Amino acid sequence: MTTGQDYKTNARRLRDALASEGIAISHAKALELVARQEGARDWNTLAARPNDTKVEEAAGGVPFAVGETVSGTFNGNPAKGRVIGLEETIKPDLWRVTVAFNPPVDVSTSKLFSSERRRIQMVVGADGRSRRLTGTETGVMALNRA
1 MTTGQDYKTN ARRLRDALAS EGIAISHAKA LELVARQEGA RDWNTLAARP
51 NDTKVEEAAG GVPFAVGETV SGTFNGNPAK GRVIGLEETI KPDLWRVTVA
101 FNPPVDVSTS KLFSSERRRI QMVVGADGRS RRLTGTETGV MALNRA
């Protein structure tokens, strides 16, 4: 598995190769191009992918990996989807995860109203549970690897 340092090295090589052909790009643009070559949406998404080193270092660990299928509940409703974004927050052991649900999940807690969402971003701990205080035991979202 490739590490973040390897991706940065690849970006430098790409930038040098393009410069030798007379095409000047910034290092940030080279990182974005390397991310796309690796199948990621952008550099931040690629950098958030766990690799062997990161997984070993993170004892409590990264709750999910980008592209991974997850299932669980959102506001008590069943939910299945795929992780499309993962970002470490400033607080230890908290991650901002973006999930694309398929089928859409009903995010409303009311029996009189329904509101379906296909994509949701939420802060979760290593256990896959959201950290929003809602007065419920499970919080808003509780996801596990499917």
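Okay, so the sequence shown: first residue is 1 according to full-length UniProt numbering, each after it adds one.
Heads up, the beta-carbon is just placed ideally off N, CA and C, and yes, glycines get one too.
Computed from a predicted structure; not experimentally measured.
Can you tell me which of the three DSSP states leucine 112 falls into? For the purposes of this step, residue 112 is identified with residue 112 of the sequence shown, where counting begins at 1. Correct three-state label for leucine 112: coil.
Taking 8 Å as the threshold (C-beta atoms), are alanine 30 and leucine 14 in contact? Numbered from 1 along the sequence shown, position 14 holds the residue referred to as residue 14. Numbered from 1 along the sequence shown, position 30 holds the residue referred to as residue 30. Yes, the pair counts as a contact, with Cβ atoms nearer than the cut-off.
Let me check one thing: in DSSP terms, what residues is valine 87 bridge-paired to? Counted from its first residue, the sequence shown places residue 87 at position 87. The question names valine, yet the displayed sequence has glutamate at residue 87. In the DSSP output, where bridge partners are listed per residue, glutamate 87 has Arg96.
Let me know if leucine 143 comes out buried or exposed under the rule of 16 or more other beta-carbons within 10 Å of its beta-carbon. As a first step, residue 143 must be located in the sequence shown, where it is residue number 143. That one is buried.
Look up alanine 19 in the DSSP assignment and say whether it is helix, strand or coil. On the sequence shown, position 19 is the one that residue 19 refers to. In the structure shown, the three-state DSSP call for alanine 19 is helix.
Looking at C-alpha atoms only, which residue of Arg41, Val123, Asn75, Ala47 is the closest neighbour of isoleucine 90? The count along the sequence shown starts at 1 and reaches residue 90 at position 90. With distances taken between Cα atoms, isoleucine 90 lies closest to Val123.
Put asparagine 102 into one of helix, strand or coil per three-state DSSP. Locating residue 102 in the sequence shown gives position 102, counting from the first residue. It is a strand residue.
Output the distance between the C-alpha atoms of proline 78 and proline 63, rounded to the nearest integer angstrom. Here residue 78 corresponds to residue number 78 of the sequence shown, with the count starting at 1. Here residue 63 corresponds to residue number 63 of the sequence shown, with the count starting at 1. Answer to the nearest angstrom: the Cα atoms are 19 Å apart.
Just the Cα atoms here: how many angstroms apart are alanine 59 and threonine 69? Within the sequence shown, numbered from 1, the residue matching residue 59 stands at position 59. Within the sequence shown, numbered from 1, the residue matching residue 69 stands at position 69. Reliability of the predicted coordinates at alanine 59 is poor, the pLDDT of 38 falling under 50, and no value is obtained from them.
C-alpha gap between aspartate 93 and aspartate 6, whole angstroms: As a working mapping, residue 93 is identified with position 93 in the sequence shown. As a working mapping, residue 6 is identified with position 6 in the sequence shown. Approximately 25 Å between the Cα atoms of the pair.
Assigned exposure category for glutamate 116 - 16 Cβ within 10 Å defines buried: The residue you call residue 116 lines up with position 116 of the sequence shown. It is exposed - the Cβ of glutamate 116 has fewer than 16 other Cβ atoms within 10 Å.
For alanine 19, which residues of its own chain have a beta-carbon under 6 Å away from its beta-carbon, when the five flanking residues on both sides are left out? Translated into positions along the sequence shown, residue 19 becomes position 19. Cβ neighbours of alanine 19 beyond the five flanking positions: none.
Would you identify the three-state DSSP class for asparagine 44, choosing helix, strand or coil? In the sequence shown, counting from the first residue as 1, residue 44 sits at position 44. For asparagine 44, the three-state secondary structure derived from DSSP is helix.
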